[in-house]
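Using the numbering used here, the first residue of the sequence shown is number 2, and each one after it goes up by one. We put the CB at the ideal spot given by N, CA and C, even for glycine.
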Amino acid sequence: MSVALLSVAAVALDALLGEPKRWHPLVAFGRFADRIEQRFNSGGRGWRSHGVTAWVMAVVPLTLLATAFSWAPYVGWIVEILVLYCALGMRSLGEHVEPVAKALRSDDLIEARKRVGYLVSRQTSELDETEVARAATESVLENGSDAVFAALFWFAVAGAPGVVLYRLSNTLDAMWGYRNDRFERFGWAAAKIDDVLNYIPARLVALTYALLGKTRLALKCWRTQGPTWDSPNAGPVMAAGAGALGVELGGAAIYHGELHQRPQLGEGVPADADSIDRGWQLVQRGVWLWLLILCVGAEFYA
């Protein structure tokens with residue numbers, strides 16, 4: 002079965018079922034990664050070499066296992082679909098961002114703050130309506146890239162092993178890739194590997210957002226604002242997405258009790274409930290565009 006059909010099947014499965022409710026492989030992997038981190042970074046004393054070793058122990062065996070199962074006769078294609086399905090978070094992303102927009106439209110700021118708190122790591126208890134909408138819009142653009150597009154990219158490149166390698170690496174970056182006393186050294190490898198694996202997908206996502214929105218403005222914001230962001234991959238994605246939507250994102254935010262003065266992203270109107278919905282629609286249209294390209298490519302090379 003072609004990569005295109007397998008991808009369509011996995012996206013359809015995600016749309017139909019959403020994330021596994023009882024037992025999600027990434028949740029189990031997170032617990033496993035916690036135990037490894039406690040072993041190699043007890044008290045935050047791990048060095049870069051410990052982080053590299055921990056990353057290899059967490060990621061490589063499972064990637065090899067995915068390779069073996071995906072090559073199995075008769076059932077390999079089922080494994081491929083299930084692996085991509087478990088790596089995708091498209092329906093889950095919509096289920097998290099839509100209640101934020103709904104709460105804002107109902108003028109329920111307390112509920113909006115609570116809901117956006119499920120999406121972002123910044124402090125949300127004192128955000129106003131614009132800041133809540135800004136946080137949710139940023140999240141849908143960035144998480145769309147990380148949890149949806151990049152998984153599709155690595156599946157197209159390397160099948161189930163590529164998805165497992167990417168998704169586990171991305172999860173470890175979310176768990177270990179912090180610049181603080183505990184993870185500054187130990188989490189270095191996880192952060193750098195995720196940057197490398199996301200480099201090409203992030204720029205394809207930025208181009209996708211630009212093509213499906215205000216193209217000229219999106220390309221301008223990508224070129225001028227993307228490099229100002231502290232993340233080499235989130236910057237292009239969110240700058241292009243903000244420009245495509247014609248909305249202002251970025252600005253000050255509080256993370257773990259510290260105020261961070263972030264650069265502005267995008268141009269246009271302040272963020273609101275509509276910008277959250279339009280951001281979510283941009284991600285959805287982008288996914289269908291990618292699937293269409295995969296299907297056309299499969300027919301062309303058949």
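Assuming contact is defined by CB atoms lying nearer than 8 Å, are residue 7 and residue 81 in contact in what I supplied?
yes
Of all the alpha helix (DSSP H) runs that stay within the bounds of the stretch 125-190, which reach a length of 4 or more residues?
130-145 and 151-177
What residue range is occupied by the uninterrupted beta strand (DSSP E) comprising residue 97?
Residue 97 -> not in any beta strand (DSSP E); alpha helix (DSSP H) instead, spanning 91-106.
Taking DSSP as the reference, what is the three-state secondary structure of residue 20?
coil
Can you have a look at residue 156 and say buried or exposed, based on whether 16 or more other CB atoms are within 10 angstroms of its CB?
buried
Please determine, among 18, 192 and 267, the residue with the shortest C-alpha to C-alpha distance to residue 175.
192
Would DSSP call residue 39 helix, strand or coil?
For residue 39, the three-state secondary structure derived from DSSP is helix.
Per DSSP, which one or two residues make a beta bridge with residue 249?
Answer is 271.
Report back the beta-carbon spacing between residue 94 and residue 12 to the nearest angstrom; my notes put them in contact at under 8 Å.
Actually they are not in contact, since the Cβ atoms of residue 94 and residue 12 sit about 13 Å apart, beyond 8 Å.
For residue 178, which of 232, 27, 262 and 225 has the nearest alpha-carbon?
232
Between the Cα of residue 236 and the Cα atoms of 143, 47, 249 and 271, which residue gives the shortest distance?
143
Give a yes or no on contact between the stretch 133-147 and the stretch 270-283, applying the rule of three or more CB pairs nearer than 8 Å.
yes
Indicate whether residue 238 and residue 272 have their beta-carbon atoms separated by less than 8 Å.
no
Out of curiosity, what's the CA-to-CA distance linking residue 126 and residue 260?
14 Å
Within 8 Å, do at least three Cβ pairs link the stretch 287-297 to the stretch 205-212?
Short answer: they touch.
With H, G and I counted as helix, E and B as strand and the rest as coil, what does DSSP make of residue 260?
strand
Quick check: what's the CA-CA separation for residue 242 versus residue 225?
Going by C-alpha positions, residue 242 is about 13 Å away from residue 225.
Near residue 274, what residues of its chain come up, given a Cβ to Cβ distance below 7 Å and the 5 sequence neighbours on each side ignored?
102, 105, 106 and 134
Report the rounded CA-to-CA distance for residue 110 versus residue 64, giving the unit in angstroms.
Using only the alpha carbons, I get a separation of about 43 Å.
How far does the alpha helix (DSSP H) with residue 66 in it extend, from its first residue to its last?
49-71
Would you list the residues sitting across from residue 255 in a DSSP beta bridge?
260
Thinking C-beta only, is residue 240 closer than 8 Å to residue 252?
No. Outside cutoff.
With DSSP as the reference, label residue 46 as helix, strand or coil.
coil
Within its chain, find whatever has a CB closer than 6 Å to the CB of residue 186; leave out the 5 residues flanking it on each side and keep chain order.
48 and 49
Return the CA-CA distance between residue 220 and residue 211, expressed in angstroms with no decimal places.
6 Å
Count the other CB atoms, across all protein chains shown, that sit within 10 Å of the CB of residue 326; report buried if there are 16 or more and exposed otherwise.
With the chain covering 2 to 303 only, the question about residue 326 has no answer from this structure.
If you draw a straight line from the C-alpha of residue 268 to the C-alpha of residue 250, how long is it?
Straight-line Cα distance between these residues: approximately 8 Å.
Determine the direct distance from the alpha carbon of residue 45 to that of residue 20, and round the result to whole angstroms.
32 Å
Give me the DSSP bridge partner(s) of residue 265.
Its beta-bridge partners are 251.
Given residue 117, which residues of its chain have a CB within under 8 Å of its CB, disregarding the five upstream and five downstream residues?
Exclusion of the five residues before and after residue 117 leaves 101, 125, 128, 133, 136, 137 and 140 as the residues of its chain whose Cβ lies within less than 8 Å of its Cβ.
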